[in-house]
Amino acid sequence: MNQKTLQHYRRNKDYTQEYMARKLGVSISSYNLYENGGRRIPHEAAMKIIKLLEIQDWQDIFLPHSFTLREFSEGSNSPHCHNERFFLQTEE
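In UniProt numbering, the protein residues as written are 1 to 92.
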């Protein structure tokens, strides 16, 4: 799998983190956290990033590579004890 990162796409465009932060209306430190996975990227910011960096394969960047499903009983907000870990597989 050839995993491309947000940093890869930004550098490919010769954009700085400062430029991206300014375009998104966030601080440089916030943008840095987006790139390094230290902060969840809000939907609106993610859509702007996709457009700015012309990202075609956005799923590779904005979807988790693993996730946990919790089973909820009908009419309840409480998960059952049963959790399963799943991993996304991408074609090479």
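We put the beta carbon where it would ideally sit given N, CA and C, even for glycine.
Contact check, residue i vs residue j, beta carbons under 7 angstroms
i          : j          : result
residue 59 : residue 35 : no
Simplified DSSP state of residue i, which is helix, strand or coil
i          : result
residue 4  : coil
residue 15 : coil
residue 10 : helix
residue 40 : coil
Residue i versus residue j - alpha carbon distance
i          : j          : result
residue 44 : residue 25 : 11 angstroms
residue 16 : residue 46 : 17 angstroms
residue 18 : residue 57 : 24 angstroms
residue 31 : residue 55 : 17 angstroms
residue 38 : residue 13 : 23 angstroms
residue 11 : residue 21 : 14 angstroms
CB contact check: residue i to chain B, cutoff 7 angstroms
i          : result
residue 42 : Among the protein chains of the structure shown there is no chain B, as only one such chain exists.
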